[in-house]
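Visitor: Got a structure for you, questions after.
Protein chains: 4
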Amino acid sequence: MAGNSFGEIFRVTTFGESHGEGLGAVIDGCPSRIGLAPEDFVRDMARRRPGRYSFDTPRKEEDRVEILSGVFTGLTTGTPITLFIRNKDVDSRPYEILRQLFRPGHGDYTYFKKYGHFDFRGAGRYSARETAARVAAGVVAGKILEPLGVKVAAYTIELGAIRVRTINMDLVEKDPFYCPDAVASERMDEAISKARKEDDSLGGIAEVRVTNCPAGLGEPVFDKLDADLARAVMSVGAVKGVEIGAGFEAARLKGSENNDPITPDGFKTNRAGGILGGISNGDEIILRAAVKPIPSIGREQDTVDRQGRAAKMKLTGRFDVSAVPRIIPVLEAMVKIVLADHYLRSKAMV
Amino acid sequence: MAGNSFGEIFRVTTFGESHGEGLGAVIDGCPSRIGLAPEDFVRDMARRRPGRYSFDTPRKEEDRVEILSGVFTGLTTGTPITLFIRNKDVDSRPYEILRQLFRPGHGDYTYFKKYGHFDFRGAGRYSARETAARVAAGVVAGKILEPLGVKVAAYTIELGAIRVRTINMDLVEKDPFYCPDAVASERMDEAISKARKEDDSLGGIAEVRVTNCPAGLGEPVFDKLDADLARAVMSVGAVKGVEIGAGFEAARLKGSENNDPITPDGFKTNRAGGILGGISNGDEIILRAAVKPIPSIGREQDTVDRQGRAAKMKLTGRFDVSAVPRIIPVLEAMVKIVLADHYLRSKAMV
Amino acid sequence: MAGNSFGEIFRVTTFGESHGEGLGAVIDGCPSRIGLAPEDFVRDMARRRPGRYSFDTPRKEEDRVEILSGVFTGLTTGTPITLFIRNKDVDSRPYEILRQLFRPGHGDYTYFKKYGHFDFRGAGRYSARETAARVAAGVVAGKILEPLGVKVAAYTIELGAIRVRTINMDLVEKDPFYCPDAVASERMDEAISKARKEDDSLGGIAEVRVTNCPAGLGEPVFDKLDADLARAVMSVGAVKGVEIGAGFEAARLKGSENNDPITPDGFKTNRAGGILGGISNGDEIILRAAVKPIPSIGREQDTVDRQGRAAKMKLTGRFDVSAVPRIIPVLEAMVKIVLADHYLRSKAMV
Amino acid sequence: MAGNSFGEIFRVTTFGESHGEGLGAVIDGCPSRIGLAPEDFVRDMARRRPGRYSFDTPRKEEDRVEILSGVFTGLTTGTPITLFIRNKDVDSRPYEILRQLFRPGHGDYTYFKKYGHFDFRGAGRYSARETAARVAAGVVAGKILEPLGVKVAAYTIELGAIRVRTINMDLVEKDPFYCPDAVASERMDEAISKARKEDDSLGGIAEVRVTNCPAGLGEPVFDKLDADLARAVMSVGAVKGVEIGAGFEAARLKGSENNDPITPDGFKTNRAGGILGGISNGDEIILRAAVKPIPSIGREQDTVDRQGRAAKMKLTGRFDVSAVPRIIPVLEAMVKIVLADHYLRSKAMV
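Going down the list, the protein sequences come from chains S, G, E and H. Letter by letter, the first sequence follows residues 7 to 356 in the numbering used here. Letter by letter, the second sequence follows residues 7 to 356 in the numbering used here. Letter by letter, the third sequence follows residues 7 to 356 in the numbering used here. Letter by letter, the fourth sequence follows residues 7 to 356 in the numbering used here.
And the structure:
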């Protein structure tokens with residue numbers, strides 16, 4: 007009810023703050039006898055870590071996942087799995103300014119209004135670092151999807167207004183921006199460099215593609231698969247828009263163009279993005295998320311203090327230029343969590 | 007869990023099928039002593055009804071809302087409010103074809119895959135008519151928001167690729183498309199006529215604007231206000247995309263452009279769309295929904311039958327050309343339901 | 007959240023008041039393709055009806071269950087099933103006294119304190135009549151348990167301090183008190199007659215026995231099967247105590263007496279009542295519910311009015327002498343709902 | 007859904023195993039700005055610890071509560087509070103026997119049936135030690151109730167069939183059995199000694215009394231306050247029965263005896279146990295829990311192995327003779343959690 011849980015059967019509750027003891031997730035509703043070990047988290051935690059591209063924030067985050075409960079002799083027990091990522095490297099001094107001033111574009115203002123006080127060190131609960139717990143939970147969700155052959159892959163299709171022209175999935179994991187187009191990737195790199203020099207930041211668009219998703223996932227009428235995916239993706243800090251399949255483009259198509267003809271071999275096109283009537287149709291699920299530019303920039307900005315008085319604010323420190331590459335594994339995690347949950351829900355009803 | 011409920015405290019459960027006995031909603035969690043009468047529903051039910059624009063579907067729907075429980079001497083009692091809209095005019099013969107064939111772009115295929123059978127008369131549970139129950143529930147949500155001064159208004163900003171150039175809110179209620187731009191409205195009318203002649207359908211984009219929303223609504227980290235709005239809006243049948251504030255445009259802005267400076271008089275701009283860190287900031291909430299063209303068209307389309315064999319399908323009858331005008335009160339209702347729920351949630355935590 | 011729903015997957019929401027339009031239940035989460043027709047409800051609704059024993063209340067309740075949604079061609083569709091029981095015979099005049107005075111032992115006082123006003127006609131929402139919706143929902147739950155061979159049977163083991171000495175299940179359905187002991191039943195009949203002459207009412211104890219329940223139902227640590235059964239049974243108006251297996255008697259046993267030895271053929275005894283660690287062990291589930299005497303009696307009682315002033319109150323009309331026989335099908339229904347829900351939950355986790 | 011969470015607004019999720027890393031609770035839905043420090047937990051954790059009475063189990067449990075999240079500068083932030091109690095002293099060798107054999111009266115058998123394997127070290131998730139997390143969460147619930155003046159006190163009214171004759175609340179905290187009757191306490195001590203010599207264990211009955219509870223807590227019709235209390239109390243491992251107010255005794259009273267007359271100064275008697283129609287009436291809430299004898303005894307018992315073959319089993323080690331004294335703070339904690347949750351729920355509806 008207080009909002010820190012997601013999922014009905016595969017239920018993830020995250021907790022923790024950026025500069026507190028650490029971050030974690032409790033997963034209630036994971037079936038028993040699934041192999042799970044700390045090593046399983048290493049790859050995705052590393053993919054989320056900064057430092058993939060040259061000018062990235064130099065903070066070193068060691069995101070080692072401890073399993074505090076729910077696993078016995080290497081197998082899940084069906085009881086709550088607790089994952090914990092202890093915080094290191096917690097210099098909170100750069101955040102002292104938040105004791106008085108609200109950063110434009112951040113949750114400082116609304117947390118203060120809502121709660122009367124907040125853990126401003128590293129943005130506390132609304133820090134991008136909170137997504138580390140999501141990525142960890144996504145690894146467990148992935149274990150449920152794996153035997154079904156379901157694959158979830160996210161990649162960058164736009165960064166700093168540079169759009170990919172081709173999609174070569176083989177490039178994604180090696181690319182610093184998870185970009186499937188080598189030419190676009192180079193231009194993105196230039197855009198990042200330029201923005202950094204200008205003390206500015208960039209937004210972008212990520213696409214998520216799910217292959218081998220079985221038909222029949224999703225529940226009418228409010229827990230439609232697309233509705234739950236939209237909630238999951240929009241709940242990630244920097245996301246300002248979500249679309250499924252043809253998305254906003256569908257608004258400009260005619261019915262005769264937008265309908266996907268059905269053939270004995272499946273759907274001829276996939277404007278629906280793999281979901282019809284809120285239920286997966288067996289085709290690829292495709293969604294896109296609009297990611298706003300990171301609000302932390304080194305330029306002077308107008309703001310107010312806690313008493314509502316006008317103030318100027320200039321953040322110091324080194325910031326990411328864009329959330330886009332780091333958000334990729336987070337979006338994958340959220341999509342996996344939604345699918346694992348809906349898969350388990352579908353089993354209850356057979 | 008099975009998906010037909012929405013909201014945590016103000017909890018709406020809808021039920022019913024298009025051509026069954028009727029449609030309805032049970033609202034659990036509405037505070038007591040709020041005035042509520044059948045007349046309160048008349049205006050919004052009428053706004054949802056077809057027939058606003060010339061070529062609209064001629065089916066006459068009488069959407070009279072009966073209050074089956076939860077109101078005594080004209081006041082809510084704090085116990086479940088049941089709203090029921092009895093179906094009339096239920097000629098199900100045009101749907102006999104669905105006994106064998108799946109309509110492209112509809113939920114026929116996925117409902118059959120998921121449930122093994124489904125009420126195909128009038129598309130049963132996934133009929134656009136299901137939204138009548140949402141609109142009815144939205145009226146009750148509106149009663150909770152009213153004393154706060156919160157106003158929710160939706161309108162059409164694009165239809166058939168025709169975009170509004172100006173927004174004059176005074177025009178909206180009188181316009182057949184809920185369009186705030188008289189010039190655009192005329193061109194929309196022409197586009198609708200043309201599409202109808204071509205046995206085709208059109209999509210569009212609706213915008214919702216919430217004024218006077220108090221700061222502090224929304225819960226970290228999964229039940230963010232924008233995440234819940236995204237789910238609510240995406241759960242409406244024809245919606246394929248949702249964006250908040252600058253939305254997808256934010257992906258192309260720089261941080262210095264996208265951040266809304268804060269002044270003693272409020273936010274200087276509103277690219278955030280009234281939500282920061284998932285919590286309302288007191289500014290206007292703005293969201294947009296991409297609406298796909300109605301999949302029911304009079305043209306021949308490729309499909310398969312229940313045995314998976316190729317087939318041609320040509321729907322007869324008269325269909326709406328676009329969901330856009332009729333979806334307007336539905337979007338308003340969903341936004342009201344989200345806000346009423348989050349408002350009550352916020353009260354529990356003070 | 008507002009308390010009118012029960013169950014996680016098989017989710018029952020009841021609504022309605024005793025003297026309003028009617029009572030009903032929405033069941034979300036019932037699997038598809040289960041045969042369901044209005045006739046299926048007739049037997050249990052009749053069993054709940056007054057008039058089984060001679061001096062019972064002469065009000066004639068016609069409890070015909072209408073299916074308003076969720077069934078197509080005689081089969082459930084997997085979407086919400088709405089059951090509705092329209093009220094008849096609604097002479098509310100005897101309740102006019104409740105406009106001012108609170109009946110001792112009833113919810114009048116607390117409903118007024120909580121909600122500021124309440125539907126006092128026939129006790130509105132907290133009327134015993136509310137259980138009609140539970141019995142109807144229990145019929146649907148029974149349909150899920152039937153193919154598993156699970157049987158749920160309740161019967162009276164004590165009424166007016168008269169305890170059964172033998173349990174002959176063959177007698178139960180024919181007995182006016184659902185009593186499995188013919189001798190005790192006669193004495194119960196005398197006790198009822200005597201109490202009625204004295205304008206008084208009687209309590210009793212009901213036992214519920216579940217046979218063929220599969221092992222493995224129940225979830226640690228809060229949704230234990232016994233915990234959910236306790237909640238379900240205690241939520242029935244007149245129940246003041248619940249015990250499982252040896253129950254309160256277990257408090258007086260030693261471990262060596264209370265432990266049920268395990269053998270290759272099953273448990274040698276069943277003091278656990280079929281549940282260990284909150285999970286069904288495959289043995290019979292046995293629980294008992296203490297039912298208080300009906301608070302409506304024809305004697306003068308001390309009370310206060312809405313302004314808190316002392317008053318005398320004497321109810322007129324004819325009342326049931328005991329809730330015990332009529333509560334039997336209600337307890338069965340609640341136990342069925344709990345088991346159906348936990349059965350579906352267990353399927354999600356396999 | 008998987009059962010490890012309790013509460014709707016004040017939502018407690020417990021995790022952890024007896025001999026794993028530790029045990030803990032995540033509390034989502036605690037209001038912000040409530041003072042909370044590790045010291046706050048010391049008293050109740052100590053009260054739950056073994057060693058209050060002479061022959062108690064000599065294991066030394068150090069139950070220091072760490073706050074892993076949700077508190078900043080000594081005040082709750084409104085975000086999830088994570089409490090963690092790291093396990094010490096974890097000699098799991100005595101439990102090796104559980105690799106093959108099921109202990110009568112324990113959850114070994116049902117956990118194995120349900121999950122296929124389980125963490126048998128120290129009984130893992132269904133260990134009595136799990137209640138440490140509940141006690142910790144209860145401390146936070148108590149912080150919400152404190153400003154209202156609500157007091158929750160539990161005490162032993164029966165142990166080894168010895169019933170208290172008087173209730174002197176001043177004795178409770180000093181008494182090794184939380185017993186409010188000094189004479190009975192001595193006899194309980196003898197009974198404990200005797201049972202220990204006989205390698206046996208004892209059950210008992212605990213009573214919980216809530217003073218200053220405001221009227222109006224509890225929600226019709228399934229989340230009645232008594233129903234939620236019954237679930238909460240029955241969810242504690244050893245509890246086999248729950249009763250409110252007159253409880254099972256009410257089954258033997260007449261309406262004229264059981265009804266509590268209402269006067270301008272409140273209720274003349276309190277057979278209702280402070281709850282009418284499922285809603286608190288402002289009077290003291292009184293409930294009792296039947297606690298079975300601890301199933302771990304040093305005598306040889308019949309059981310089967312994992313392959314279903316007959317076996318004899320004799321547990322070694324030192325066991326508690328009775329759960330009763332240690333369960334006292336656990337019952338208090340559960341009642342506090344229920345009340346805190348319903349109090350916050352009631353605030354949402356005003």
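Here a beta-carbon is modelled for each residue, glycine too, at the ideal position from N, C-alpha and C. None of the values given here were measured: they were computed from a predicted structure.
So with Cβ pairs under 8 Å, would you call G:I300 a contact of chain S?
Guide: Position 294 of the second sequence, counted from the first residue, corresponds to residue 300 of chain G. Output row for G:I300: interface = yes.
Visitor: Let me check understanding here. Comparing Cα to Cα, which of E:V170, E:I91, E:A190 and E:D114 lies closest to E:R140?
Guide: Stepping through the third sequence from its first residue, residue 140 of chain E is reached at position 134. Taking only the C-alpha atoms, the option nearest E:R140 is E:I91.
Visitor: Mapping the DSSP letters down to three states, classify S:E102 as helix, strand or coil.
Guide: One-based indexing of the first sequence puts residue 102 of chain S at position 96. In this structure, S:E102 counts as helix in the three-state DSSP scheme.
Visitor: For H:G272, tell me which candidate among E:A317, E:S352 and E:V32 has the shortest Cα-Cα distance.
Guide: Within the fourth sequence, numbered from 1, the residue matching residue 272 of chain H stands at position 266. Comparing Cα-Cα distances from H:G272 to each of E:A317, E:S352 and E:V32, the minimum goes to E:A317.
Visitor: Using a Cβ distance threshold of 8 Å, determine whether the region 206 to 224 of chain E contacts the region 162 to 169 of chain E, with at least three qualifying pairs required.
Guide: Segments in contact, yes.
Visitor: Measure the alpha-carbon distance for E:A52 versus E:V336 and round it to whole angstroms.
Guide: On the third sequence, residue 52 of chain E is found 46 positions in, with the first residue counted as 1. On the third sequence, residue 336 of chain E is found 330 positions in, with the first residue counted as 1. Roughly 12 Å separates the two Cα atoms.
Visitor: For G:K301, count neighbouring Cβ atoms within 10 angstroms of its own Cβ and tell me buried if that reaches 16, exposed if not.
Guide: In the second sequence, the residue the question calls residue 301 of chain G occupies position 295. With the sequence shown as reference, residue 301 of chain G is identified as Pro, and Lys is not the correct amino acid for it. Classification of G:P301: buried, given that the 10 Å Cβ count is 16 or more.
Visitor: In whole angstroms, what separates the C-alpha of S:I268 from that of S:K274?
Guide: Along the first sequence, read from residue 1 onward, the residue named residue 268 of chain S stands at position 262. Along the first sequence, read from residue 1 onward, the residue named residue 274 of chain S stands at position 268. Using only the alpha carbons, I get a separation of about 6 Å.
Visitor: Where does S:T162 sit, in a helix, a strand or coil, going by DSSP?
Guide: For this step, residue 162 of chain S is matched to residue 156 along the first sequence. S:T162: strand per DSSP, three-state reduction.
Visitor: Is G:R193 helix, strand or coil when you go by DSSP?
Guide: Position 187 of the second sequence holds residue 193 of chain G. In the structure shown, G:R193 sits in a helix (DSSP, three-state: H, G or I).
Visitor: So, with DSSP's three-state summary, where would you put G:S241?
Guide: As a first step, residue 241 of chain G is located in the second sequence; it is residue number 235 there, counting from the start. In the structure shown, G:S241 sits in coil (DSSP, three-state: anything other than H, G, I, E or B).
Visitor: Using 10 angstroms around the beta-carbon of S:A201, count the other beta-carbons present and answer buried if the total reaches 16, otherwise exposed.
Guide: In the first sequence, the residue the question calls residue 201 of chain S occupies position 195. Under this definition S:A201 is a buried residue.
Visitor: Please name the residue or residues paired with G:D311 in a DSSP beta bridge.
Guide: Here residue 311 of chain G corresponds to residue number 305 of the second sequence, with the count starting at 1. G:D311 is bridged to G:L107.
Visitor: Return no unless some Cβ of chain E is closer than 8 Å to the Cβ of S:I15.
Guide: Locating residue 15 of chain S in the first sequence gives position 9, where the first residue counts as 1. At least one chain E Cβ lies under 8 Å of S:I15.
Visitor: When you compare the CB positions of G:L29 and G:V156, do they come within less than 8 Å of one another, or not?
Guide: As a working note, residue 29 of chain G is residue 23 in the second sequence. As a working note, residue 156 of chain G is residue 150 in the second sequence. Their beta carbons are not under 8 Å apart, which means G:L29 does not touch G:V156 by this criterion.
Visitor: Exposed or buried, what is S:Q307 when buried is set at 16 or more other beta-carbons lying within 10 Å of its beta-carbon?
Guide: By 1-based counting over the first sequence, the position of residue 307 of chain S is 301. The residue is buried, with at least 16 neighbouring Cβ atoms inside 10 Å.
Visitor: Taking G:I343 and G:F21 to be in contact with their CB atoms under 8 Å, please state how far apart those CB atoms are, rounded to whole angstroms.
Guide: In the second sequence, the residue the question calls residue 343 of chain G occupies position 337. In the second sequence, the residue the question calls residue 21 of chain G occupies position 15. Contact flag wrong, Cβ pair sits at about 16 Å.
Visitor: If you measure between the beta carbons of G:S38 and E:G122, is that distance less than 8 Å?
Guide: Locating residue 38 of chain G in the second sequence gives position 32, counting from the first residue. Locating residue 122 of chain E in the third sequence gives position 116, counting from the first residue. Cβ distance < 8 Å, so G:S38 and E:G122 count as in contact.
Visitor: Would you mind sorting S:A160 into buried or exposed? The rule is 16 or more other CB atoms within 10 Å of its CB.
Guide: By 1-based counting over the first sequence, the position of residue 160 of chain S is 154. Burial call: buried.
Visitor: What does the alpha-carbon distance come out to for the pair H:G280 and H:C219?
Guide: The residue you call residue 280 of chain H lines up with position 274 of the fourth sequence. The residue you call residue 219 of chain H lines up with position 213 of the fourth sequence. Distance between the alpha carbons of H:G280 and H:C219 is about 9 Å.
Visitor: Does DSSP put S:G128 in a helix, in a strand, or in coil?
Guide: Translated into positions along the first sequence, residue 128 of chain S becomes position 122. Looking at S:G128 - three-state DSSP - the assignment turns out to be helix.
Visitor: Beta carbons nearer than 7 Å to chain H: which residues of the region 64 to 95 of chain G have them?
Guide: Within the region 64 to 95 of chain G, the qualifying residues are G84 and T85.
Visitor: Below 8 Å, how does it come out for the region 69 to 84 of chain S and the region 32 to 48 of chain S: are there three or more Cβ pairs, yes or no?
Guide: Enough Cβ pairs lie closer than 8 Å, so yes.
Visitor: Which ranges does the beta strand (DSSP E) cover as unbroken runs of at least 3 residues, wholly within the region 210 to 259 of chain E, from first to last along the chain?
Guide: 210 to 217 and 245 to 250, all fully within the region 210 to 259 of chain E.
Visitor: Below 9 Å between beta carbons is the criterion; list the residues of the region 108 to 119 of chain E that meet it against any residue of chain H, in chain order.
Guide: Hits within the stretch, in order: F108, R109, P110, G111, H112, G113, D114, Y115, T116, Y117 and K119.
Visitor: What span of residues does the alpha helix (DSSP H) with G:D347 cover, start to end?
Guide: On the second sequence, position 341 is the one that residue 347 of chain G refers to. Run containing G:D347: V330 to A354, per the alpha helix (DSSP H) assignment.
Visitor: So, with DSSP's three-state summary, where would you put G:R17?
Guide: Within the second sequence, numbered from 1, the residue matching residue 17 of chain G stands at position 11. It is a strand residue.
Visitor: Kindly indicate the opening and closing residues of the beta strand (DSSP E) around S:S262.
Guide: Here residue 262 of chain S refers to the residue found at position 256 of the first sequence. Unbroken run through S:S262 is the alpha helix (DSSP H), G261 to N264; no beta strand (DSSP E).
Visitor: Okay, do the region 132 to 147 of chain S and the region 178 to 195 of chain S touch, 3+ Cβ pairs below 8 Å being the bar?
Guide: No contact exists between the region 132 to 147 of chain S and the region 178 to 195 of chain S.
Visitor: Could you pull the start and end residues of the alpha helix (DSSP H) that E:A278 belongs to?
Guide: For the purposes of this step, residue 278 of chain E is taken as the residue at position 272 of the third sequence. Premise fails: E:A278 is in no alpha helix (DSSP H) and is neither H nor E.
Visitor: Give the C-beta separation of G:G247 and S:V248 to the nearest angstrom, bearing in mind that I take them to be a contact with Cβ-Cβ under 8 Å.
Guide: Start at 1 with the first residue of the second sequence, and residue 247 of chain G comes out as number 241. Start at 1 with the first residue of the first sequence, and residue 248 of chain S comes out as number 242. Right, their Cβ atoms sit about 7 Å apart.
Visitor: Please confirm if G:S60 has its CB atom under 8 Å from at least one CB of chain S.
Guide: Numbered from its first residue, the second sequence carries residue 60 of chain G at position 54. Bear in mind that the predicted position of G:S60 carries a pLDDT of just 47, short of 50, making it unreliable; the figure below should be weighed with that in mind. Not one chain S Cβ lies under 8 Å of G:S60.
Visitor: Any Cβ of chain H within less than 8 Å of the Cβ of G:R258?
Guide: Here residue 258 of chain G is taken as the residue at index 252 of the second sequence, counted from 1. False, the Cβ-Cβ gap to chain H never drops below 8 Å.
Visitor: Over what stretch of residues does the alpha helix (DSSP H) that includes S:V71 continue unbroken?
Guide: Stepping through the first sequence from its first residue, residue 71 of chain S is reached at position 65. Segment V71 to S75 is the beta strand (DSSP E) holding S:V71; no alpha helix (DSSP H) there.
Visitor: Which partner residues does E:V145 have in the DSSP bridge list?
Guide: For this step, residue 145 of chain E is matched to residue 139 along the third sequence. For E:V145, which the question treats as bridged, DSSP gives no partner whatsoever.
Visitor: Note down, in chain order, every chain G residue with its Cβ under 7 Å from the Cβ of E:Y349.
Guide: Counting from one through the third sequence, the residue named residue 349 of chain E turns up at place 343. The premise fails here: E:Y349 is roughly 14 Å from chain G at the closest Cβ pair, so nothing lies under 7 Å.
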